[in-house]
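Numbering (the working numbering), first residue to last: 4 to 590. Glycine included, every Cβ here is placed at the ideal spot set by N, Cα and C.
Quick look at the structure:
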């Protein structure tokens, strides 16, 4: 529902009606709070921007929130003439800008989170004698005091020319509302920052953005809630993201239409299952809010009983804490056809269906066919024999294609990739799963170099852990086959899309339902001329082909495109991850 303030018709309010009514019945429960996200634009005038911040906080306060989140870089538009200019327009913790925001937090008795460019006079100056500046998240408590600071860990494009990256692990902040983590914009486009917060069990993550990318709101914001089962409150900008007089010139350099150089809005509040509880429009100032029960974020169980945090295996994730050596592989094929086979039957019926799919795929020139996990098994006690027979039977129909699925072997749930000649890759299950608690576990992600590209297998519940795909990306994998059983809607609506996007890998998923192919786009890097598609507001949203029922779904994928992981100048979605700050992930 949207409400328009008569005194400020440019400001839109939105709330989730169902949670609003439920919350009113349970005001005495401390875990139930009201969260608000505020979106607006800023200009190249710090004083004017402060007044905008204060005005929008006043608007948000009308709905009596417990926490308010503002966008990124609220003190000044994120465009600077030079390093001196960047330092001059940055704020200090003891100046009037920060003091005024603190006064509003005290006035309304709520937490307020902002993001600013902050003078770091506590850091050594550069060789040019100019002070350092960081992009910093600031949390104020209801008494108006600053109780938490976290610097941005991943800088986007031109930000690298002016700002310092964080050199310290972002803290979890203890508040009267619960445990809270903070990050900003590009920090949420790849998994490490939010994940490093989430493994320390906060109930709520606060994200401030300065983004024109439509796939932020579609994908990168909500997936961090779902994959970590935590609430996310995210506030984005609207209006021009560069000085208006420079919009045409900057757009030409970025190789995009000038109309896209605006904050994409869609500030939102997301539940731990990935449901967007409230979302602002793409354009215009807005206040969105929802009433949430933070205790819901303490439940980390999947429908099969798997605890998504306690089953993590930090010892396997050690490569995430090492500088990346990826990027040296010869690219695979520019394009090829892949198939996701959806099979809902069992036993002979399932194998007969698979044989038909293989015949169809071979005729169409499909090079990789992925089938669901353990699709052939009727009796777990006889599973190893059934697995051997399944592979032998399917090989009889194979000519040029590879098939990926999973089997039972030596007491383990094992992914297999095979062709007409034999099994070329095995991948034991890596994480304990409620559905396959009997399985022994493997100890690394294995890969195979097919003639058209490097392949990894991610089987079963391993597909819900962003770390699994990240390990594959670090091994220069271009194509990931995922034989699984989908249990939660976020896996389809957000998860597999994000795994393809954040790692720049093609992902083929086969399950008894919701199978699909997630192909990365060949055009990706900003500041470069795109050849195969116009920029439509989405930087890295994959091309998705979903199964419409049982049978073989065929689509084109692009292995060679996986080599390019540069989203913008000086910003690589894999090699640019904050590996020096990975301790929470790997310990």
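{"Query": "Top-ranked residue by Cα proximity to residue 248, from 568, 47 and 503", "Result": "47"}
{"Query": "Three-state class that DSSP yields for residue 522 in the structure shown", "Result": "strand"}
{"Query": "Reduced DSSP category for residue 54 - H, G, I as helix; E, B as strand; rest coil", "Result": "helix"}
{"Query": "For residue 418: DSSP bridge partner residues", "Result": "409 and 430"}
{"Query": "Where residue 182 sits in the DSSP three-state scheme", "Result": "strand"}
{"Query": "Coarse secondary structure for residue 398, derived from DSSP in three states", "Result": "helix"}
{"Query": "Residue 486 (DSSP reduced to helix, strand or coil)", "Result": "strand"}
{"Query": "Residue 114: first and last residue of the uninterrupted beta strand (DSSP E) it sits in", "Result": "114 to 123"}
{"Query": "Assigned secondary structure, residue 336 (DSSP; H/G/I helix, E/B strand, else coil)", "Result": "coil"}
{"Query": "Candidates 243, 471, 154 and 212: closest to residue 584 by CA position", "Result": "154"}
{"Query": "Cα-Cα separation, residue 379 to residue 513", "Result": "13 Å"}
{"Query": "Selection from 79, 55, 122 and 199 that minimises the alpha carbon distance to residue 107", "Result": "55"}
{"Query": "Start-to-end residues for the alpha helix (DSSP H) that takes in residue 502", "Result": "499 to 506"}
{"Query": "Collapsed DSSP secondary structure at residue 479 in the structure displayed", "Result": "coil"}
{"Query": "Where the alpha helix (DSSP H) through residue 109 begins and ends", "Result": "99 to 111"}
{"Query": "Per-residue DSSP class, three states only, for residue 143", "Result": "strand"}
{"Query": "Residue from 422, 381, 202 and 409 whose Cα sits closest to the Cα of residue 315", "Result": "202"}
{"Query": "Exposure label - residue 171; buried when at least 16 CB within 10 Å", "Result": "exposed"}
{"Query": "The alpha helix (DSSP H) enclosing residue 355, as first and last residue numbers", "Result": "350 to 367"}
{"Query": "Secondary structure of residue 308, DSSP reduced to three states", "Result": "coil"}
{"Query": "Sub-8 Å separation of residue 236 and residue 200 beta-carbons", "Result": "no"}
{"Query": "Residue interval of the alpha helix (DSSP H) (run including residue 213)", "Result": "Residue 213 -> no alpha helix (DSSP H), and no H or E assigned at all."}
{"Query": "Alpha carbon of residue 146 to alpha carbon of residue 174, nearest angstrom", "Result": "20 Å"}
{"Query": "Alpha helix (DSSP H) runs wholly inside the stretch 245 to 302, at least 4 long, in chain order", "Result": "250 to 257"}
{"Query": "Distance CB(residue 38)-CB(residue 293) smaller than 8 Å", "Result": "yes"}
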